[in-house]
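Residues 185 to 316 (this note's numbering) are what the sequence shown spells out, left to right. Structure record follows, encoded as structure tokens.
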Amino acid sequence: MNIDELIENFELLDDWEDKYRYIIDLGNGLEPLDEQFKTEEWKVRGCQSQVWLLPSRQGDKIHFRGDSDAVIVKGLIAIVLMIYSDKSPSEIKAVAVEDIFAKLGLGEHLSPSRRNGLIAMTEKIKYYAGIL
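Given below as structure tokens:
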């Protein structure tokens, strides 16, 4: 699924209870990270929950995997990975992520700590795009 399809799916859902269930389902679809990657090296700082992002370079693209110990946050990781994974560093840096989050309504429907965690995830991805 791409981000446009995700936005369309979100628009079909009537209320935020349904949208939260959908976010959780997205997270359940992520491949779990092996325990060996759940270390400080891959941890995202600024998230209330435990969050790990693992980048890998594949040609001129960067692929990301992620995991969390919290179900909603794991779903947010799935959304972030849809936005950024399998793009070049320049494409990653050019993403207008705030616009995407606004279309999804995430800014106004997430707690401040989850919003901060979402920002921390996007900053970590942009950091990886700068060094890989």
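For glycine and all other residues, C-beta sits at the position ideal for the given N, C-alpha and C.
Where residue i falls: helix, strand or coil (DSSP)
i    : result
K277 : helix
S252 : strand
K203 : helix
K258 : helix
K222 : coil
Beta carbon proximity, residue i to chain B, threshold 8 angstroms
i    : result
E292 : Within the model displayed, chain B is absent; a lone protein chain is all it includes.
Beta carbon of residue i nearer than 8 angstroms to that of residue j
i    : j    : result
K287 : I191 : yes
M305 : L237 : yes
K308 : V228 : yes
S269 : D244 : no
G230 : G301 : yes
I263 : L210 : yes
Cβ shell of residue i (< 6 angstroms), same chain only, five flanking positions each side left out
i    : result
G297 : Just to set this straight, residue 297 is Ser in the shown sequence, not Gly. Correct list, in chain order: Q232.
Run of the alpha helix (DSSP H) containing residue i, from where it starts to where it stops
i    : result
S297 : 296-315
E195 : 187-196
E292 : 290-293
Residue span of the beta strand (DSSP E) that contains residue i, given as start and end
i    : result
W236 : 235-242
Review point. Quick one: any contact between the region 252-262 and the region 193-201, if contact means 3 or more CB pairs under 8 angstroms?
Key: Contact between the region 252-262 and the region 193-201 is not established, with fewer than three Cβ pairs separated by less than 8 angstroms.
**Study point:** Contact between the region 210-225 and the region 275-287 (3+ Cβ pairs under 8 angstroms)
**Key:** A contact between stretches requires three or more CB pairs, one per stretch, nearer than 8 angstroms, and the region 210-225 fails this requirement with the region 275-287.
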